[in-house]
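Colleague: Can you read through this structure? Questions will come right after.
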Amino acid sequence: MIEEFNAIQRAATHRGLNINEIKTKYMKASKSTGQRNLQSLTIGNYNIESVKSFTYLGSLVTADNNISKEIKRTTHIANKTYNGLIKHLRFNNITRKTKCKIYKSLKKPVLVYGSET
Numbered sequence: 001m002i003e004e005f006n007a008i009q010r011a012a013t014h015r016g017l018n019i020n021e022i023k024t025k026y027m028k029a030s031k032s033t034g035q036r037n038l039q040s041l042t043i044g045n046y047n048i049e050s051v052k053s054f055t056y057l058g059s060l061v062t063a064d065n066n067i068s069k070e071i072k073r074t075t076h077i078a079n080k081t082y083n084g085l086i087k088h089l090r091f092n093n094i095t096r097k098t099k100c101k102i103y104k105s106l107k108k109p110v111l112v113y114g115s116e117t
């Protein structure tokens with residue numbers, strides 16, 4: 001891992017970029033569900049934090065590749081979106097057809113976003 005990090009650092013420096021130590025994290029992926037050793041990794045002057053999970057392109061990635069947390073998180077976000085509109089959907093002057101369109105255009109896309117990954 002140290003060799004890979006050094007290669008990334010050299011490539012970044014060559015292009016005038018710096019590695020942000022605060023934003024740089026690492027995660028050890030494993031199929032086992034036992035205790036994981038969450039030690040920070042020191043490479044040169046960098047102290048890189050170990051994490052159990054992180055968000056990548058809007059999806060939660062966990063060390064044990066368990067998608068149940070991602071499903072719960074996405075459902076929670078979709079429900080928050082829907083609950084923000086619920087007071088407007090209670091109006092009697094909005095037809096059921098319009099309410100279904102609102103659901104299909106707002107809640108459903110949030111719920112299925114990233115499901116292909």
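For the sequence shown, position 75 (counting from the first letter as 1) is numbered 75 according to UniProt numbering, and the numbering increases by one without interruption.
We put the beta carbon where it would ideally sit given N, CA and C, even for glycine.
If you draw a straight line from the alpha carbon of ALA29 to that of GLU4, how long is it in whole angstroms?
Modeller: So the two alpha carbons sit approximately 16 Å from each other.
Colleague: Which residue from SER40, ARG15, GLY16, LYS23 puts its Cα closest to that of MET1?
Modeller: Of the candidates SER40, ARG15, GLY16, LYS23, the one whose C-alpha sits nearest the C-alpha of MET1 is SER40.
Colleague: Taking only three categories from DSSP, how would you classify TYR105?
Modeller: In the sequence under discussion, the amino acid at residue 105 is Ser, which differs from the Tyr named in the question. Helix at SER105.
Colleague: Locate the beta strand (DSSP E) running through ILE43, then write down its first and last residues.
Modeller: That run of the beta strand (DSSP E) goes 41-43.
Colleague: Going by other Cβ atoms of all chains shown within 10 Å of its Cβ, with 16 needed for buried, is ALA63 buried or exposed?
Modeller: By the 10 Å Cβ count, ALA63 comes out buried.
Colleague: So, for LYS99: in the same chain, excluding its five sequence neighbours on each side, which residues have a beta-carbon less than 7 Å away from its beta-carbon?
Modeller: For LYS99, where only same-chain residues beyond five positions count, the Cβ hits under 7 Å are LEU89.
Colleague: Just checking, does the segment 103-112 make contact with the segment 79-86 on the three C-beta pairs under 8 Å criterion?
Modeller: Yes: at least three Cβ pairs fall under 8 Å.
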